[in-house]
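Protein sequences appear in the order of chains L and Z. Plus 12 on top of the position in the first sequence (first one is 1) and you've got this note's numbering. Plus 15 on top of the position in the second sequence (first one is 1) and you've got this note's numbering.
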Amino acid sequence: MKKTFTKLALAGLLASTIIGGASAQEDTIKVGILHSLSGTMAISETTLKDAMLMLIEEQNKKGGLLGKQLEAVVVDPASDWPLFAEKARELIEVNGVDAVFGCWTSVSRKSVLPVFEELNSILFYPVQYEGEESQRNVFYTGAAPNQQAIPAVDYLMNEEGVERWVLAGTDYVYPRTTNKILEAYLKSKGVAEEDIMINYTPFGHSDWQTIVSDIKTFGSAGKKTAVVSTINGDANVPFYKELGNAGIKAEDIPVVAFSVGEEELAGLDTAPLVGHLAAWNYFQSADTDANAEFIETWQAYVGDEDRVTNDPMEAHFIGFNMWVEAVEKAGTTDPDAVIDAIVGVSVPNLTGGYSAMMPNHHITKPVLIGEIQDDGQFETVWETSGLVVGDAWSDYLDGSKDLISDWRAPLSCGNFNTATGKCGGSGS
Amino acid sequence: MSLLKSFFLLVGLMVCALSGPSFAQSDPEALRPLINGLAEGKYAETEKQIGALAATGDPAVAPTLEALGEGDLYVRKSDGAVFITKKAGKGYALTDPLTLEPAGEAGRREVSKIKVNNKLRRVLRSALGSLTLMAADPHVRMAAAEAIFKARDPDGIEALDAALAAETDDGVRKVMEEARAAAVLNSDLDETRKLEAIETLSVMGNRDALSLLIGVQSSANGAVRDAATQAVAKIEKSIAAWDAAQNIWYGLSLGSVLLLAAIGLAITFGVMGVINMAHGEMVMIGAYVTFVVQELIRTSAPGLFDYSLLIALPLAFLTSGLIGVAIERGVIRWLYGRPLETLLATWGISLILQQAVRSIFGPTNREVGNPDWMSGAFELGQMTITYNRMWIIVFAMLVFAGLMLVLKKTPFGLYTRAVTQNRRMAASMGIRTPWVDAMTFGLGSGIAGIAGVALSQIDNVSPNLGQGYIIDSFMVVVFGGVGNLWGTLVGAMTLGIVNKFLEPYAGAVLGKIFVLVIIILFIQKRPRGLFALKGRAVEA
Numbered sequence: 013m014k015k016t017f018t019k020l021a022l023a024g025l026l027a028s029t030i031i032g033g034a035s036a037q038e039d040t041i042k043v044g045i046l047h048s049l050s051g052t053m054a055i056s057e058t059t060l061k062d063a064m065l066m067l068i069e070e071q072n073k074k075g076g077l078l079g080k081q082l083e084a085v086v087v088d089p090a091s092d093w094p095l096f097a098e099k100a101r102e103l104i105e106v107n108g109v110d111a112v113f114g115c116w117t118s119v120s121r122k123s124v125l126p127v128f129e130e131l132n133s134i135l136f137y138p139v140q141y142e143g144e145e146s147q148r149n150v151f152y153t154g155a156a157p158n159q160q161a162i163p164a165v166d167y168l169m170n171e172e173g174v175e176r177w178v179l180a181g182t183d184y185v186y187p188r189t190t191n192k193i194l195e196a197y198l199k200s201k202g203v204a205e206e207d208i209m210i211n212y213t214p215f216g217h218s219d220w221q222t223i224v225s226d227i228k229t230f231g232s233a234g235k236k237t238a239v240v241s242t243i244n245g246d247a248n249v250p251f252y253k254e255l256g257n258a259g260i261k262a263e264d265i266p267v268v269a270f271s272v273g274e275e276e277l278a279g280l281d282t283a284p285l286v287g288h289l290a291a292w293n294y295f296q297s298a299d300t301d302a303n304a305e306f307i308e309t310w311q312a313y314v315g316d317e318d319r320v321t322n323d324p325m326e327a328h329f330i331g332f333n334m335w336v337e338a339v340e341k342a343g344t345t346d347p348d349a350v351i352d353a354i355v356g357v358s359v360p361n362l363t364g365g366y367s368a369m370m371p372n373h374h375i376t377k378p379v380l381i382g383e384i385q386d387d388g389q390f391e392t393v394w395e396t397s398g399l400v401v402g403d404a405w406s407d408y409l410d411g412s413k414d415l416i417s418d419w420r421a422p423l424s425c426g427n428f429n430t431a432t433g434k435c436g437g438s439g440s
Numbered sequence: 016m017s018l019l020k021s022f023f024l025l026v027g028l029m030v031c032a033l034s035g036p037s038f039a040q041s042d043p044e045a046l047r048p049l050i051n052g053l054a055e056g057k058y059a060e061t062e063k064q065i066g067a068l069a070a071t072g073d074p075a076v077a078p079t080l081e082a083l084g085e086g087d088l089y090v091r092k093s094d095g096a097v098f099i100t101k102k103a104g105k106g107y108a109l110t111d112p113l114t115l116e117p118a119g120e121a122g123r124r125e126v127s128k129i130k131v132n133n134k135l136r137r138v139l140r141s142a143l144g145s146l147t148l149m150a151a152d153p154h155v156r157m158a159a160a161e162a163i164f165k166a167r168d169p170d171g172i173e174a175l176d177a178a179l180a181a182e183t184d185d186g187v188r189k190v191m192e193e194a195r196a197a198a199v200l201n202s203d204l205d206e207t208r209k210l211e212a213i214e215t216l217s218v219m220g221n222r223d224a225l226s227l228l229i230g231v232q233s234s235a236n237g238a239v240r241d242a243a244t245q246a247v248a249k250i251e252k253s254i255a256a257w258d259a260a261q262n263i264w265y266g267l268s269l270g271s272v273l274l275l276a277a278i279g280l281a282i283t284f285g286v287m288g289v290i291n292m293a294h295g296e297m298v299m300i301g302a303y304v305t306f307v308v309q310e311l312i313r314t315s316a317p318g319l320f321d322y323s324l325l326i327a328l329p330l331a332f333l334t335s336g337l338i339g340v341a342i343e344r345g346v347i348r349w350l351y352g353r354p355l356e357t358l359l360a361t362w363g364i365s366l367i368l369q370q371a372v373r374s375i376f377g378p379t380n381r382e383v384g385n386p387d388w389m390s391g392a393f394e395l396g397q398m399t400i401t402y403n404r405m406w407i408i409v410f411a412m413l414v415f416a417g418l419m420l421v422l423k424k425t426p427f428g429l430y431t432r433a434v435t436q437n438r439r440m441a442a443s444m445g446i447r448t449p450w451v452d453a454m455t456f457g458l459g460s461g462i463a464g465i466a467g468v469a470l471s472q473i474d475n476v477s478p479n480l481g482q483g484y485i486i487d488s489f490m491v492v493v494f495g496g497v498g499n500l501w502g503t504l505v506g507a508m509t510l511g512i513v514n515k516f517l518e519p520y521a522g523a524v525l526g527k528i529f530v531l532v533i534i535i536l537f538i539q540k541r542p543r544g545l546f547a548l549k550g551r552a553v554e555a
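This is how it looks when you write it as structure tokens:
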């Protein structure tokens, strides 16, 4: 009797584990988070991981999605580009996630692209990037060059009367492509070759004396000069410190940056930098109720009243809400259905408007130009009157100006060449 | 309401225009509608209003304009009155802009900031310049003249003439004359006046003058143009000579940073022969000690902030040194004579330390402030020398001299040299070699820690701080000659200067590559570096 009982109990236990396991799988929808938590990029990406966890927690408080709870699966690709591809594969194949939010650098995105294509899953990419790409499985919620770089240059040209340009960047794909687009754009506006200076520095460059003095020299040619900076991450702090110490004031030579947000300024005394500019689609200082609520939730979630928010966080906020809405619209998390459903979905952004997913998998955003204040925040000094549609293929580069992207049937093509009428042509 | 205000404004303007500055000075309250008008409309309206205020010529408006430039001017939403504010608790303490008396407090939501952008700041700068030319403080007068120089406003000539007549300080007089020359060149005065102005600027001879003259060169014609061309050629020649000096200075500065980063390694790797990949993390820990010290000072004794670096130095030395001793006792002493294992183990330690710091302090940059004596720059001829770079050069030299003294003049230094030259003989003479090993490693790590204090002033304080310096440090030590501190000094300075002379021609990326290639070729010729150790110690 006793033996039978034990057996029975064992069987029961076994059964319950199987059922339990099965039901756990059915009860939650898994969301993958692919951000580096160690290595060089941890400085930027850790924040995005926390932001995603917060968004998922908030969604679960609202009752989850399709009647199920969301479950976050966090992996650490450790700022190692090939590891991004491996971890993406692990998320999709082993953990069975339905969508992935992640990547920061362009090289990490390029490294995971084939994986998402092969396994047909979905990636939301939240960072401003160089464009020249549109992929069926990827949604670009950060800014394309026409949503950040071009309006910033326009602002300097029209409002500040800048005639001479220094394009300074870190030496990798995003600054190089952006500067190529900007150079072509400036020339199309009649800026002469000798009024453009292009300068690249290695990652993590820390000795800016020569370059800052070069900028000073370049600026003393009798014409109003500005610096357009695509300097990335860590290298910005010593750059701005050197600028401040060398006495380059924003009133004389303004610097407009595309990779400097609230988070980067947190490590700096910004008093000598007041007036230098940044172009983004969101600033923490945006005066809307949605933003106030977002900041409050965020600071409560991380338990730090001084923690700042930034543009890529807003991009995740928009991307996540778009995905939620698309899943509800499709009634399933199946990637094909979601990819079809998400085009046209429109959700509130944090600057008081709505952002919509376009057929080229980029979104509509307002463009804001902000000046650095002495408290480490930005003050919006100019914004576009309406929303700007992200353009995957730049109109100012020879190879890409004939290309368009439209993932709706019947075109379903990321690089349709309007000149030849074929999909897949990489330019004339 | 707004109509009424515009009316006042108009009246104010007319009154000012009719009766000139003397009237406004006699009744400061007449300025109030003008000041309150600053809060109306967008940037363009504010700009007009600043012009109207400046046109009164009344020094009483200077504090208001200054506050506006600093972003401290707020408007009270309830009655549209404008105040100079200061943060007080959750709200703001208000000050009346004209009487400068305290005017109560306001909550954060009750007032709103009058926004300024770069364009307005420029307008403010030149407006303030003409208003404060007659100030009592010579520094203020100097700043005023500099502002007019930058604005090149022909309207300022009159004010400058008046100020020049009254000026007693020679330094200020010179700047005023330069400012006057800049304004003259931008005006439609006759040729002789302009030629005089070009002469003044040509004597001034710096980049600002050059920039102005190039502008004249392209816009003027006749004799003025020729004079400008000559002056430009002259200035360019003198600047080229100064540029070389500037490059050497940059090179020394980069060299001193390399020296600071490498000098600890010169002991652990150079003297002890331990390939210590965690060296950079010792530097990082030193920088974080500085951060912690500054945080404590900010919260408990703000007056000590200027001394924060001096306080941080011994603490950084002790912290990094103790961690160094712990690493030596815990890991490295089991691995002497096995370079590959040491390399891998210390690499692992460096990752552990990085992640530990990331977990404790978070992955984002931490703000380490520059004390006053390390901010800003001064001019030496046509060279700009920033204070933080200058002090780092001095500091690097002091650290080097101190270390030399310890190694050459103290019993501990004697033991260290004895152990590294011949371990077994030293042991048989009664020296406790394990103890010396631990202390030497601790010394090297401690020096790295104080290097971190200095580097926190020019670089990011983030968990990755050390990684950026590890390759360069090894490069310096290997290039200078393993086991020789003088080699490290000469190596660091040489690399710094070579790098800075290559950079303007080759760019930062290629410049670095060239330096690496040069070192590789050099090592092929002289495998033991610049200052090779000779004798039996080499074979050991």
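Ideal Cβ placement from N, Cα and C applies to all residues, glycine included. Everything numeric in this text was worked out from a predicted model, so none of it was measured.
Of the residues L:LYS192, L:LEU289 and L:ARG176, the one whose Cα lies closest to the Cα of LEU409 (chain L) is L:LYS192.
Nearest CB-CB separation between THR401 (chain Z) and chain L: below the 9 Å threshold.
Taking all protein chains in view, the Cβ of THR401 (chain Z) is crowded by 16 or more other Cβ atoms within 10 Å, so the residue is classified as buried.
Check the Cα spacing between THR376 (chain L) and each of L:THR392, L:ILE384 and L:VAL359: the tightest is with L:VAL359. Proximity of ASP323 (chain L) to chain Z, defined by a Cβ-Cβ separation below 9 Å, is not satisfied.
Runs of the alpha helix (DSSP H) lying entirely within the stretch 393-429 of chain Z, each at least 4 residues long, are 402-424 in chain order. For the 9 Å CB-CB criterion, GLY511 (chain Z) and GLY270 (chain Z) form a contact. Using a Cβ-Cβ cut-off of 9 Å, GLU317 (chain L) does not count as an interface residue toward chain Z, since no Cβ of chain Z sits closer than that to its own.
When C-beta distances to chain L are compared with 9 Å, the residues of the stretch 162-186 of chain Z below that value are LYS165, in chain order. As for any beta strand (DSSP E) of minimum length 3 sitting wholly inside the stretch 180-266 of chain Z, there is none. Exclusion of the five residues before and after ALA368 (chain L) leaves SER358 and THR376 as the residues of its chain whose Cβ lies within less than 6 Å of its Cβ. At a cut-off of 9 Å between C-beta atoms, ASP281 (chain L) counts as an interface residue with respect to chain Z. Interface criterion not met: the Cβ of VAL139 (chain L) is under 9 Å from no Cβ in chain Z.
Our two residues, ILE163 (chain Z) and ARG208 (chain Z), have alpha carbons roughly 18 Å apart in a direct line. In this structure the stretch 114-125 of chain Z lies against the stretch 90-100 of chain Z, because at least three pairs of beta carbons, one per stretch, are closer than 8 Å. Note that the stretch 137-144 of chain L does not touch the stretch 71-80 of chain L; fewer than 3 beta-carbon pairs, one per stretch, sit closer than 8 Å. Exclusion of the five residues before and after ASN248 (chain L) leaves VAL272 and GLU276 as the residues of its chain whose Cβ lies within less than 6 Å of its Cβ.
Of all alpha-carbon atoms in L:ALA353, L:ALA164 and L:LEU46, the one lying nearest the alpha-carbon of TRP116 (chain L) is that of L:LEU46. In the three-state reduction of the DSSP assignment, HIS288 (chain L) falls in the coil class, being assigned neither a helical nor a strand state. Cβ atoms of PHE332 (chain L) and LEU49 (chain L) stay farther apart than 8 Å, at about 19 Å. With contacts defined as CB atoms closer than 9 Å, ALA90 (chain L) and VAL127 (chain L) fail to qualify as a contacting pair. For LYS122 (chain L), none of the residues of chain Z pass the 8 Å Cβ criterion, the least Cβ distance being about 21 Å. Our two residues, ALA404 (chain L) and VAL155 (chain Z), have alpha carbons roughly 53 Å apart in a direct line. Legend: CB atoms of the stretch 287-308 of chain L lying less than 7 Å from CB atoms of chain Z belong to residues GLY287. Shown here, SER358 (chain L) sits in a strand according to DSSP, grouped into three states. The three-state secondary structure of ASP39 (chain L), taken from DSSP, is helix.
Pairing ALA278 (chain L) with GLY388 (chain L), the inter-Cα distance amounts to about 7 Å. The residue among L:GLY426, L:ASN429, L:ASP407 and L:THR430 with its C-alpha nearest the C-alpha of GLU195 (chain L) is L:ASP407. For LYS128 (chain Z), there is no enclosing alpha helix (DSSP H); the enclosing beta strand (DSSP E) has its first and last residue at 126-128. When Cβ-Cβ separations below 9 Å define contact, SER50 (chain L) makes contact with chain Z. The C-alpha of ILE278 (chain Z) lies about 23 Å from the C-alpha of ILE367 (chain Z). Checking the DSSP bridge columns, you'll see HIS374 (chain L) partnered with L:TYR152. For LYS424 (chain Z), no Cβ of chain L is located within less than 9 Å of the residue's own Cβ. Any Cβ of chain Z closer than 9 Å to the Cβ of LYS228 (chain L) would place that residue at the interface, and such an atom is present.
When C-alpha distances from ALA469 (chain Z) are compared across Z:LEU228, Z:SER268, Z:PRO153 and Z:LEU311, the shortest belongs to Z:SER268. Look at the stretch 246-271 of chain Z: the residues with a C-beta under 8 Å from a C-beta of chain L are GLN261, ASN262, TYR265, SER268 and LEU269.
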